[in-house]
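*Asks:* First, the structure itself, so that you have it in front of you.
Number of protein chains: 4
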Amino acid sequence: MSGSTFGTLFRVTNFGESHGPAIGCVIDGCPPGMALSEADIQPELDRRRPGTSRHVTQRNEADAVEILSGVYEGQTTGAPICLLIRNTDQRSKDYGNILDTFRPGHADYTYWRKYGIRDPRGGGRSSARLTAPTVAAGAVARKWLKAAYGTEFRGCMTALGEIEIPIEDWSQTGLNPFFAAGSSKVAELEAYMDALRKSGDSVGARIYVEATGVPVGLGEPLYDRLDADIAYAMMGLNAAKGVEIGDGFGVVAQRGSEHGDELTPEGFASNHAGGVLGGISTGQDLRVSVAIKPTSSIRTAKASIDRAGQPTQVETFGRHDPCVGIRATPIAEALLALVLMDHALRHRAQCGDVQLSQPPIPGQRG
Amino acid sequence: MSGSTFGTLFRVTNFGESHGPAIGCVIDGCPPGMALSEADIQPELDRRRPGTSRHVTQRNEADAVEILSGVYEGQTTGAPICLLIRNTDQRSKDYGNILDTFRPGHADYTYWRKYGIRDPRGGGRSSARLTAPTVAAGAVARKWLKAAYGTEFRGCMTALGEIEIPIEDWSQTGLNPFFAAGSSKVAELEAYMDALRKSGDSVGARIYVEATGVPVGLGEPLYDRLDADIAYAMMGLNAAKGVEIGDGFGVVAQRGSEHGDELTPEGFASNHAGGVLGGISTGQDLRVSVAIKPTSSIRTAKASIDRAGQPTQVETFGRHDPCVGIRATPIAEALLALVLMDHALRHRAQCGDVQLSQPPIPGQRG
Amino acid sequence: MSGSTFGTLFRVTNFGESHGPAIGCVIDGCPPGMALSEADIQPELDRRRPGTSRHVTQRNEADAVEILSGVYEGQTTGAPICLLIRNTDQRSKDYGNILDTFRPGHADYTYWRKYGIRDPRGGGRSSARLTAPTVAAGAVARKWLKAAYGTEFRGCMTALGEIEIPIEDWSQTGLNPFFAAGSSKVAELEAYMDALRKSGDSVGARIYVEATGVPVGLGEPLYDRLDADIAYAMMGLNAAKGVEIGDGFGVVAQRGSEHGDELTPEGFASNHAGGVLGGISTGQDLRVSVAIKPTSSIRTAKASIDRAGQPTQVETFGRHDPCVGIRATPIAEALLALVLMDHALRHRAQCGDVQLSQPPIPGQRG
Amino acid sequence: MSGSTFGTLFRVTNFGESHGPAIGCVIDGCPPGMALSEADIQPELDRRRPGTSRHVTQRNEADAVEILSGVYEGQTTGAPICLLIRNTDQRSKDYGNILDTFRPGHADYTYWRKYGIRDPRGGGRSSARLTAPTVAAGAVARKWLKAAYGTEFRGCMTALGEIEIPIEDWSQTGLNPFFAAGSSKVAELEAYMDALRKSGDSVGARIYVEATGVPVGLGEPLYDRLDADIAYAMMGLNAAKGVEIGDGFGVVAQRGSEHGDELTPEGFASNHAGGVLGGISTGQDLRVSVAIKPTSSIRTAKASIDRAGQPTQVETFGRHDPCVGIRATPIAEALLALVLMDHALRHRAQCGDVQLSQPPIPGQRG
């Protein structure tokens with residue numbers, strides 16, 4: 001069944017393959033009357049873009065977005081917004097060896113078994129390149145949420161391999177190639193990545209994203225809870241293997257006397273919950289962490305089989321991210337924005353206007 | 001917007017409140033021609049049922065399920081199956097103090113802010129009691145999946161507070177009150193819980209669930225990936241704060257050379273991925289962990305506010321689980337079954353018959 | 001795939017069989033804070049109820065509705081509302097002869113071919129009895145729409161067989177067994193039906209429904225147009241074979257100079273369009289007609305086959321409506337209300353508050 | 001809410017405006033492994049294309065379709081198929097007068113009231129031009145259905161204004177500008193249209209479409225009946241005001257003894273039902289009629305108001321179809337194909353392989 005649509009009311013339908021003529025998405029359900037142009041979207045695509053440092057894939061894609069519909073004289077009309085990104089740098093020869101063999105850790109095997117056919121060029125549909133339309137759609141959601149509620153999103157890398165990266169200074173995230181929120185670890189990360197790249201190996205990472213200025217009351221229990229949809233979004237990020245909200249797996253060893261966030265007339269006194277209670281936003285900051293596995297494309301030979309089931313060896317050359325986690329930060333921000341956007345519209349449908357976290361219950365204090 | 005339906009093709013719509021006349025669900029989309037009676041469902045409800053040991057809430061509910069529709073002469077007809085569970089032990093007095101104040105860590109505040117009204121009796125709609133219909137629906141899915149593909153589900157507790165519980169012997173999970181897969185830690189867990197209960201506090205837990213005999217090819221990228229939907233399901237479990245698939249957060253410090261599961265003519269040589277690649281099942285076992293926060297209902301006083309925004313203190317007496325994680329195991333199994341069931345039907349819609357993991361690529365070897 | 005849910009945001013999931021223990025529905029997405037009790041719903045069920053005159057089936061069902069969830073202290077909470085109607089008068093012997101043969105004009109054959117199994121008792125799932133939960137859900141929608149916008153619904157029969165029934169006086173519809181909007185034809189209709197019943201035959205009918213006080217702007221083109229969803233709803237009415245909006249099939253022979261409704265500062269000057277332009281409500285009255293085929297259960301023998309494909313003859317005795325169109329009026333009103341309710345919430349999600357047809361463009365004048 | 005997606009499993013998301021840079025759609029859920037190229041789609045677009053005779057709009061659009069995704073080496077991969085059609089002949093000056101006034105019978109007023117903004121160029125989103133992507137998607141569905149089940153679609157005009165057009169010879173539909181299934185009325189229709197065009201007026205029409213080789217068992221009651229979804233599709237056709245299935249409004253005056261189609265070992269003896277019983281396909285031909293209103297763009301002045309609510313007069317010059325019904329035939333065929341395609345996949349999801357109408361119950365005999 002069709003699974004390429006994200007959201008229920010702010011619906012993003014993603015299309016395209018890594019080495020096809022174009023990728024893109026159609027956003028259906030965007031509120032009318034919002035100023036929108038390519039200039040609102042391109043900066044987010046540029047943050048995710050390959051080729052921006054030596055630590056990411058050297059594929060050279062401008063990722064220039066074109067708005068094909070849904071905007072008239074600079075304003076959204078309520079009609080579907082088609083965003084198109086032409087592919088320009090497809091070197092199919094890089095991927096010739098993967099037509100007949102299944103790369104370990106990749107989706108080659110599962111796509112082939114599921115569909116009986118797969119587009120092997122650059123990973124085809126399973127390429128991380130398909131996160132670009134998600135990021136583009138996220139930019140539209142971010143603009144609307146900021147104007148409507150003052151909601152903002154930011155993310156950073158908090159671990160790369162064994163290296164923990166503390167959050168020291170959010171203003172640094174755009175100033176280093178790792179989305180590190182601070183400069184103290186950057187030199188260590190550079191050296192680590194250079195060594196890794198030489199060894200032909202790859203490594204995992206942990207990403208943290210948060211939203212501030214979140215309206216209270218978003219989330220649709222019993223099942224479509226805000227935290228459930230955040231988990232869906234984040235685990236759908238290529239290479240994600242774990243998602244935490246608030247204290248995450250830290251809650252296992254916590255006591256209730258320690259965990260439950262107290263309320264005061266000025267707001268919540270702490271935020272162990274990560275901004276969600278009972279599946280509904282509290283108005284506090286949303287706090288989310290995601291574990292990203294090491295890139296599966298490595299130069300080290302690994303055992304595999306070919307389409308006939310015969311044993312073979314696979315080494316992957318070509319242009320790859322040695323840590324896919326590095327470019328995951330803007331994608332995770334976009335996904336969080338898409339979840340909130342959809343839930344803002346869902347809330348409005350059933351309950352009317354969205355409530356901001358105003359006093360006397362002003363949201364997060366701590 | 002309506003958020004009480006789980007699934008897209010095997011649709012479970014949940015209704016009811018903790019202290020209303022009844023709870024239940026309607027399953028729409030169940031394949032016709034499957035033998036089904038209450039006896040197929042009741043055992044799973046009994047595993048989740050309150051009052052089965054001194055370590056869980058002492059509320060006494062038979063949780064007797066009644067099939068109201070969709071079955072004719074013992075067989076499913078393809079029509080919606082309504083499952084009804086009457087509530088019998090509603091002591092509303094236990095909850096009188098929560099009408100006007102917001103219990104820290106609970107959904108009281110968010111429900112009130114979202115809807116402007118809430119049913120405070122026993123947590124109303126946000127009570128963990130509403131997992132019973134989920135478990136009942138899961139039992140229907142389990143029966144179908146087992147008959148169709150041989151798929152089976154099992155789960156256990158792997159940590160309670162600081163105590164790690166190794167998986168030693170799956171046959172033990174039904175023989176102790178903790179769903180521990182082994183007996184070596186049971187005495188320690190008993191003592192721990194007794195002390196906790198006396199202290200009036202609560203504690204978190206970690207749950208592990210797995211599916212065996214999984215068909216290959218389930219999952220609908222780009223967004224409705226199997227792992228994304230598993231994360232949605234598990235994070236929607238009451239009190240869940242984290243979800244891992246395969247090696248989970250362990251991947252952060254892994255190398256690609258270590259993580260990628262090699263393929264051999266006899267199947268995969270390992271299962272770091274947890275049974276999903278590119279959002280599609282590999283045919284290996286699905287491996288999922290969930291972090292459950294400590295119960296928010298504790299006897300220790302905590303600061304809060306009332307509906308007028310004035311400061312107050314909240315202590316929660318009454319009948320509660322000091323570790324909600326204990327009863328979470330059968331619920332997590334049911335959720336995993338519902339995800340697989342829905343994806344089995346989704347796959348069949350687009351791609352035709354589901355493929356089992358037969359040789360020459362026989363699924364997991366390791 | 002599951003097809004028993006009506007609506008996208010005000011979702012009504014219908015369950016039950018004609019001769020099972022109960023029928024009912026779950027409404028998910030109802031706005032919170034509306035006063036609601038069984039007394040709001042029962043009168044609409046009573047209008048649809050069998051056994052109210054000699055011209056309809058003599059099955060005796062109280063159709064007493066019970067609210068099982070979603071209401072606390074007389075107000076909707078935003079949680080799903082389960083409405084349950086117990087079946088009380090199931091004489092299965094009436095239907096014994098239809099187990100093995102397919103009644104011409106009935107769903108026996110198609111259900112059997114689709115599902116490989118069918119519940120033959122009283123038509124099982126395909127019985128018109130299953131419109132009762134639709135009517136019950138419609139009553140909830142009607143209450144909300146009236147309070148929110150002043151929207152009201154009314155319907156009448158405009159033809160029974162060859163007899164055209166003019167709309168003369170809406171206050172008469174509840175005072176005769178035919179939902180005729182006037183008394184001038186009632187005696188003729190009584191005689192017609194008495195003769196028909198004696199002959200063992202059945203007849204078709206045409207139903208007209210309208211909504212007044214309709215907000216402007218409801219409908220979600222490109223595909224989910226208001227008129228498209230009205231057609232879906234009405235053609236889904238048991239035995240419906242045609243739907244018209246506004247001038248309906250009369251437009252075929254019209255000129256554009258005649259058809260297009262002119263606008264004036266006081267509103268539209270006519271309503272050929274039936275209240276919809278471009279798939280969106282104009283604020284004028286919605287005008288809908290439905291053709292209902294003659295009941296397929298007749299005492300005249302007709303040729304058919306049995307499950308082995310062998311020829312046979314079928315006569316249907318038992319309790320049937322000789323004109324199913326008679327009881328269709330309240331059902332059609334309910335369906336129109338459900339469509340408008342869903343579209344009111346859909347509109348609000350994307351565009352914010354619904355606009356009423358205030359001056360300077362006050363809706364229908366003519 | 002987003003309403004630009006047609007279907008639930010074979011999902012077609014439509015985007016674009018009449019005078020924007022491009023129109024198109026994304027098809028999600030197409031089965032993999034089907035040969036597909038632009039050559040499969042273009043002929044259907046050419047049938048719908050403007051400018052093919054003097055009786056339709058003289059806008060000159062090549063309507064050349066480009067497949068942007070979802071096809072690899074000439075085969076569908078199961079990934080979303082994006083179909084793009086560039087707009088080439090946008091003379092915005094033709095429509096300058098409609099920016100500030102609301103054309104009677106058009107969607108100008110309702111779009112403006114709904115969204116607070118509208119793209120007036122060529123009708124923007126409400127233009128009949130947006131049926132082109134629907135036709136393109138329909139071509140994909142038609143190819144799959146024909147290969148899988150032998151299902152085929154054909155349509156014709158059966159009335160233009162007062163002129164009834166009998167179905168005499170299906171092979172004629174492509175040989176005259178009216179999709180008339182016979183040549184006997186063509187000269188009369190030519191003369192009629194020439195006179196109409198000179199008068200500056202427009203006229204309505206009735207369209208008939210049918211499907212042959214329909215699998216038995218398609219349709220998802222209780223609500224998502226096949227006939228309900230056909231009505232939704234057809235009433236969503238621009239300018240449609242009525243839909244009939246089988247005998248349609250003719251059933252009002254029928255007796256049950258006459259209407260119910262008898263079954264014989266060789267199949268059904270007649271087809272009053274139009275191929276649907278109980279909302280499920282019988283395996284007989286599907287028979288559908290649609291009433292199309294006269295084009296609202298006429299040269300005759302009509303009263304209207306401007307955006308300030310002041311009275312004005314509107315005459316519409318420019319390039320218009322004097323009978324939009326003429327080009328509706330291929331669109332209606334496409335819509336019927338899309339409905340059947342979606343239901344074929346829905347059926348397969350719940351019930352497994354679709355059954356063809358084989359003996360001993362071979363579908364329609366009469």
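Each protein sequence line maps, in turn, to chains E, V, X and C. full-length UniProt numbering puts the first sequence at residues 1 to 366. full-length UniProt numbering puts the second sequence at residues 1 to 366. full-length UniProt numbering puts the third sequence at residues 1 to 366. full-length UniProt numbering puts the fourth sequence at residues 1 to 366. Where is the CB? At the ideal position from N, CA and C, for every residue including glycine. Fair warning: this is a prediction, and the values are worked out from it, not measured in the lab.
(1) In chain D, which residues lie less than 9 Å from E:Asp306 when you measure between Cβ atoms?
(2) Within the 8 Å Cβ cut-off, does C:Val354 reach chain E?
(3) Just checking: is the beta-carbon of C:Leu145 within a distance shorter than 8 Å of some beta-carbon in chain V?
(4) Would you mind working out which of C:Ser184, C:Leu160, C:Leu175 sits nearest C:Glu168, comparing C-alpha positions?
(5) For the segment 171 to 254 of chain X, which segments carrying the beta strand (DSSP E) assignment without a break, of at least 3 residues, lie completely within its bounds, in sequence order?
(6) For E:Phe15, is the classification buried or exposed, using 16 other Cβ atoms within 10 angstroms of its Cβ as the cut-off for buried?
(7) In the DSSP output, which residue or residues are listed as bridge partners for V:Gln58?
(8) Buried or exposed, going by whether 16 or more other CB atoms sit within 10 Å of the CB of X:Arg307?
(9) DSSP three-state call for X:Pro311: helix, strand or coil?
(10) Since E:Ala269 is in the beta strand (DSSP E), which residue starts that stretch and which ends it?
(11) Using a Cβ-Cβ distance under 8 Å, would C:Ser297 count as near chain E?
(12) If the cut-off is 8 Å on Cβ atoms, which residues from the segment 5 to 21 of chain C count as contacting chain E, listed in chain order?
(13) Please report the distance separating the alpha-carbon of E:Thr5 from that of E:Thr13.
(14) Nearest CA to the CA of V:Arg255: which residue from E:Ala180, E:Ala334, E:Leu189, E:Glu162?
(15) Check whether the segment 175 to 190 of chain E and the segment 147 to 165 of chain E touch, using three or more Cβ-Cβ pairs below 8 Å as the test.
(16) Assuming E:Met341 is part of the alpha helix (DSSP H), what are its boundary residues?
(17) To the nearest angstrom, how far is the alpha carbon of V:Thr8 from that of C:Glu220?
(18) Can at least three beta-carbon pairs, one atom from the segment 232 to 239 of chain V and one from the segment 282 to 289 of chain E, be found at a separation below 8 Å?
(19) Decide if E:Ser289 is buried, meaning its Cβ has at least 16 other Cβ atoms within 10 Å, or exposed.
(20) Taking the beta carbon of E:Asn60 as the centre, do at least 16 other beta carbons fall within 10 Å, making it buried, or is it exposed?
(21) Could you tell me which uninterrupted alpha helix (DSSP H) segments, each at least 4 residues in length, are contained entirely in the segment 75 to 143 of chain X, listed from first to last along the chain?
(22) Suppose you measure from the CA of V:Asp194 to the CA of V:Gly116; what does that come to, to the nearest Å?
(23) Quick one: what's V:Ala301 bridged to in DSSP?
(24) Going straight from the alpha carbon of V:Val135 to that of V:Arg129, what length do you get?
(25) Taking all protein chains shown into account, decide if V:Phe317 is buried (16 or more other Cβ within 10 angstroms of its Cβ) or exposed.
(26) Mapping DSSP to helix, strand and coil, what is V:Gly256?
(27) If we ignore side chains and look at the alpha-carbon of each, how far apart do E:Ala137 and C:Val339 end up?
(28) How many angstroms separate the CA atom of C:Arg327 from the CA atom of X:Pro330?
(29) Pull the bridge partners of C:Asp28 from the DSSP assignment, please.
(30) For V:His272, I'd like the list of residues in its chain whose CB is within less than 7 Å of its CB, leaving aside the five on either flank, ordered along the chain.
(31) Ends of the alpha helix (DSSP H) at E:Glu38?
(32) Quick one: which residues of the segment 334 to 351 of chain C get their C-beta closer than 9 Å to a C-beta of chain E? List them in chain order.
(33) For C:Ala35, which three-state DSSP category applies?
(34) Give the residues of chain C in contact with X:Tyr208, contact being defined as C-beta atoms less than 8 Å apart.
(35) Under the assumption that E:Leu189 contacts E:Phe178 (Cβ atoms under 8 Å), give the Cβ distance between them as a whole number of angstroms.
(36) Hey, is X:Asp201's beta-carbon within less than 8 Å of any beta-carbon in chain V?
*Replies:* The relevant details are as follows:
(1) Reference to chain D is not applicable here, since the protein chains of this structure are E, V, X and C.
(2) Along the fourth sequence, one-based indexing puts residue 354 of chain C at 354. Judged by the 8 Å Cβ criterion, C:Val354 is not in contact with chain E.
(3) Taking the first residue of the fourth sequence as 1, we reach residue 145 of chain C at position 145. For C:Leu145, the closest Cβ of chain V is not nearer than 8 Å.
(4) Translated into positions along the fourth sequence, residue 168 of chain C becomes position 168. The candidate whose alpha carbon is nearest that of C:Glu168 is C:Ser184.
(5) With a minimum length of 3 residues, the continuous beta strand (DSSP E) runs that stay inside the segment 171 to 254 of chain X are 205 to 212, 240 to 245.
(6) Taking the first sequence and counting its residues from 1, the one referred to as residue 15 of chain E is at position 15. If you draw a 10 Å sphere on the C-beta of E:Phe15, you find 16 or more other C-beta atoms in it, and that means buried.
(7) As a first step, residue 58 of chain V is located in the second sequence; it is residue number 58 there, counting from the start. According to DSSP, which records beta bridges pairwise, V:Gln58 is partnered with nothing at all.
(8) Counting from 1 along the third sequence, the entry for residue 307 of chain X is found at position 307. The residue in question, X:Arg307, is exposed, as its Cβ has fewer than 16 Cβ neighbours within 10 Å.
(9) The residue given as residue 311 of chain X occupies position 311 in the third sequence. Correct three-state label for X:Pro311: strand.
(10) Sequence index remark: in the first sequence, residue 269 of chain E carries index 269 (1-based). Segment: none, E:Ala269 is in no beta strand (DSSP E) and carries neither H nor E.
(11) Working through the fourth sequence from its first residue, we reach residue 297 of chain C at position 297. It does not: the Cβ of C:Ser297 has no partner Cβ on chain E nearer than 8 Å.
(12) The segment 5 to 21 of chain C vs chain E, Cβ under 8 Å: Thr5, Leu9, Phe10, Arg11, Thr13, Asn14, Phe15, Gly16, Glu17, Gly20, Pro21.
(13) Taking the first sequence and counting its residues from 1, the one referred to as residue 5 of chain E is at position 5. Taking the first sequence and counting its residues from 1, the one referred to as residue 13 of chain E is at position 13. Roughly 4 Å between the two C-alpha positions.
(14) Position 255 of the second sequence holds residue 255 of chain V. Of E:Ala180, E:Ala334, E:Leu189, E:Glu162, the smallest CA-CA separation from V:Arg255 is found for E:Glu162.
(15) A contact between stretches requires three or more CB pairs, one per stretch, nearer than 8 Å, and the segment 175 to 190 of chain E meets this requirement with the segment 147 to 165 of chain E.
(16) Counting from 1 along the first sequence, the entry for residue 341 of chain E is found at position 341. Residues 328 to 351.
(17) Stepping through the second sequence from its first residue, residue 8 of chain V is reached at position 8. Stepping through the fourth sequence from its first residue, residue 220 of chain C is reached at position 220. Whole-angstrom Cα-Cα distance: 14 Å.
(18) Not touching, per the Cβ criterion.
(19) As a position in the first sequence, residue 289 of chain E is number 289, starting the count at 1. Buried.
(20) Locating residue 60 of chain E in the first sequence gives position 60, counting from the first residue. The residue is exposed, with fewer than 16 neighbouring Cβ atoms inside 10 Å.
(21) The alpha helix (DSSP H) runs of length 4 or more contained entirely in the segment 75 to 143 of chain X are, from start to end of the chain, 108 to 115.
(22) Counted from its first residue, the second sequence places residue 194 of chain V at position 194. Counted from its first residue, the second sequence places residue 116 of chain V at position 116. The alpha-carbon atoms of V:Asp194 and V:Gly116 are separated by roughly 39 Å.
(23) Here the question's residue 301 of chain V lines up with position 301 in the second sequence. V:Ala301 is not bridged to any residue.
(24) Within the second sequence, residue 135 of chain V is the residue found at index 135, counting from 1. Within the second sequence, residue 129 of chain V is the residue found at index 129, counting from 1. Going by the C-alpha atoms only, they are around 11 Å apart.
(25) Within the second sequence, the letter at position 317 stands for residue 317 of chain V. Classification of V:Phe317: exposed, given that the 10 Å Cβ count is below 16.
(26) Position 256 of the second sequence holds residue 256 of chain V. Of the three classes helix, strand and coil, the one that applies to V:Gly256 here is helix, per DSSP.
(27) Taking the first residue of the first sequence as 1, we reach residue 137 of chain E at position 137. Taking the first residue of the fourth sequence as 1, we reach residue 339 of chain C at position 339. So the two alpha carbons sit approximately 29 Å from each other.
(28) As a working mapping, residue 327 of chain C is identified with position 327 in the fourth sequence. As a working mapping, residue 330 of chain X is identified with position 330 in the third sequence. Here the C-alpha atom of C:Arg327 lies approximately 37 Å from the C-alpha atom of X:Pro330.
(29) Counted from its first residue, the fourth sequence places residue 28 of chain C at position 28. Residue pairing by DSSP places C:Asp28 opposite C:Arg11 in a beta bridge.
(30) Against the second sequence, residue 272 of chain V aligns to sequence position 272. Residues of the same chain with a CB within less than 7 Å of the CB of V:His272, apart from the 5 flanking positions on each side, are Gly246, Asp247, His259, Asp261 in chain order.
(31) Counted from its first residue, the first sequence places residue 38 of chain E at position 38. Per DSSP, E:Glu38 belongs to the alpha helix (DSSP H) from 38 to 48.
(32) Residues passing the 9 Å Cβ filter: Leu345, Ala349.
(33) Residue numbering aside, residue 35 of chain C sits at position 35 when the fourth sequence is read from its first letter. C:Ala35: strand per DSSP, three-state reduction.
(34) Along the third sequence, one-based indexing puts residue 208 of chain X at 208. Chain C residues near X:Tyr208: none, gap ~12 Å exceeds 8 Å.
(35) Indexing the first sequence from 1 puts residue 189 of chain E at position 189. Indexing the first sequence from 1 puts residue 178 of chain E at position 178. Between E:Leu189 and E:Phe178 a beta carbon distance of about 5 Å is seen, short of the 8 Å cut, so the two are scored as contacting.
(36) Indexing the third sequence from 1 puts residue 201 of chain X at position 201. The beta carbon of X:Asp201 sits no closer than 8 Å to any beta carbon of chain V.
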